[in-house]
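Here the structure comes first, spelled out in structure tokens, and everything after it is commentary.
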């Protein structure tokens with residue numbers, strides 16, 4: 017035990033072991049210098065460790081041999097470097113420059129649309145040859161020539177491959193109709209007729225396909241909203257009589273063969289907006305009617321059953337209905353048009369991009385999705401489909 021007095025407070029400081037030259041007083045908390053005789057003995061200095069090797073004078077042989085050995089090693093390295101077959105530098109793995117080109121992606125072929133292939137597409141927005149501007153309608157004659165109208169009141173004619181041939185303007189006013197502000201509601205071309213027919217201003221106007229001259233017009237009861245060509249060269253007309261719908265059948269001579277009053281509305285037992293009724297006729301003369309509420313402007317009310325397809329015999333007798341509102345195969349939303357091809361397949365347009373195809377007995381076949389909008393469609397003699405809309409015209413070859 018080592019003891020001495022604190023010079024500040026006089027207290028006795030006792031320690032069993034003192035390891036430094038100062039201590040702290042436990043009573044007054046002062047730092048006190050330990051008397052010299054009680055301080056720990058100083059630690060003797062440690063000698064420097066002897067090097068493992070030295071060029072000192074005590075090893076003269078080593079001093080001479082080492083430089084010689086190093087020289088030989090350096091010479092060997094130089095010789096090896098000179099004799100290497102490649103002069104490329106060696107790099108740490110993580111620092112090797114990557115000069116290898118990145119692998120390229122193999123282009124993925126554009127998938128064929130389900131149900132058809134596109135033979136050609138032409139058109140864009142504009143007013144020049146081969147350009148269109150809104151309200152498009154299309155018809156194909158027996159020679160495969162394509163006729164397209166738009167809201168500029170032009171009719172453009174193209175050959176069977178889509179090459180522009182000529183254009184002519186629809187007269188703004190004739191003795192058959194008052195002044196028109198837009199293009200036709202529908203174009204029709206007969207397989208054996210040199211004439212083009214246009215549903216417009218409440219009548220069906222006959223035009224010379226070469227000159228565009230208006231040659232005559234067919235009239236309905238009050239106002240014609242739609243029409244379809246019959247195999248005998250006659251017409252089916254959707255006409256409005258007062259506020260009722262009426263189906264008028266004209267013979268090839270232009271005379272009225274039959275009238276069916278309220279031909280669709282009587283099946284639903286309700287009043288319909290006649291302007292939305294559309295018709296198609298197959299090669300057997302059957303009539304297919306559709307309440308195409310999605311193809312007319314404004315807000316309209318309808319029930320699910322209203323937008324079914326209604327089938328009638330050539331004599332005008334109601335047969336059955338098919339399709340209608342829904343999301344199941346063979347159902348659709350508000351429809352926009354109806355058409356029939358040469359083998360009695362029925363085409364119902366929906367939302368301008370979908371076309372639902374049915375057999376004449378109502379059996380659902382398939383739905384095709386188009387690449388551009390469809391405002392109108394027509395067929396050639398091989399049942400190829402021509403669609404017009406979005407300022408474009410496309411020829412679709414349907415899968416068998």
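Numbering (my numbering), first residue to last: 17 to 416.
Backbone N, C-alpha and C fix where the C-beta goes; we use that ideal spot for every residue, glycine too.
Beta-bridge annotation (DSSP): residue 257 is paired with 260. For residue 283, the enclosing alpha helix (DSSP H) starts and ends at 281-284. The three-state secondary structure of residue 54, taken from DSSP, is helix. Selection 144, 155, 161 evaluated against residue 168 yields 144 as nearest (Cα-Cα).
Following the DSSP letters along the chain, one finds residue 316 in no beta strand (DSSP E), marked with neither H nor E. In its chain, beyond the 5 residues on either side, 154, 353, 355, 363, 365, 371, 401, 402, 403, 404 have a beta carbon closer than 8 angstroms to the beta carbon of residue 393. Leaving aside the five residues that flank residue 185 on each side, the residues in its chain whose CB is nearer than 7 angstroms to its CB run, in chain order, 169, 170, 228. Take the alpha-carbon of residue 203 and the one of residue 189: they are about 18 angstroms apart. For residue 250, the closest C-alpha among the options 217, 211, 174, 137 is that of 211. Ranked by Cα distance from residue 321, the options 348, 335, 332 are led by 348. The residue from 274, 162, 157 with its alpha-carbon nearest to that of residue 137 is 162. Rounded to whole angstroms, the separation of the alpha carbons of residue 158 and residue 350 is 32 angstroms.
Sorting 39, 173, 315, 395 by C-alpha distance to the C-alpha of residue 296 places 395 at the top. In terms of CA proximity to residue 315, 289 leads the group 176, 41, 289.
Looking from the CA of residue 359, the closest CA among 332, 331, 397 belongs to 397.
Taking 7 angstroms as the cut-off, the Cβ atoms of residue 252 and residue 265 count as close. In the displayed model, residue 269 falls within coil according to three-state DSSP, outside both helix and strand.
When rounded, the separation of the alpha-carbon atoms in residue 415 and residue 135 is 12 angstroms. Measuring C-alpha to C-alpha distances from residue 182 to each of 334, 225, 306 identifies 225 as the nearest. If you ignore the 5 residues before and after residue 235, its C-beta comes within less than 7 angstroms of the C-beta of 219, all in its own chain and listed in chain order. Residue 285 has its alpha-carbon roughly 34 angstroms from the corresponding atom of residue 205. Considering only 309, 200, 192, the residue with the shortest C-alpha distance to residue 166 is 200. Among the bridge pairs identified by DSSP, residue 224 is matched with 211.
Ranked by how close their Cα comes to the Cα of residue 332, the residues 292, 318, 304 have 304 in first place.
Following the DSSP letters along the chain, one finds residue 153 inside the beta strand (DSSP E) bounded by residues 153-156. Taking the CA atoms as reference points, residue 293 sits about 11 angstroms from residue 310. For residue 371, the three-state secondary structure derived from DSSP is strand. If you check the CB distance, residue 282 and residue 255 do not come in under 7 angstroms.
DSSP places residue 351 inside the beta strand (DSSP E), whose first and last residues are 351-356. Per the DSSP secondary-structure output, residue 204 pairs in a beta bridge with 213. CA-to-CA, the gap between residue 257 and residue 139 works out to about 39 angstroms. In this structure, the CA atom of residue 180 is about 22 angstroms from the CA atom of residue 133. The DSSP-derived three-state label of residue 321 is helix.
Residue nearest to residue 412 within the set 130, 49, 21, 55 is 130 (criterion: CA-CA distance). Linking residue 198 to residue 216 through their CA atoms gives a straight-line distance of about 9 angstroms.
Going by DSSP, residue 185 is part of the beta strand (DSSP E) stretching over 180-185.
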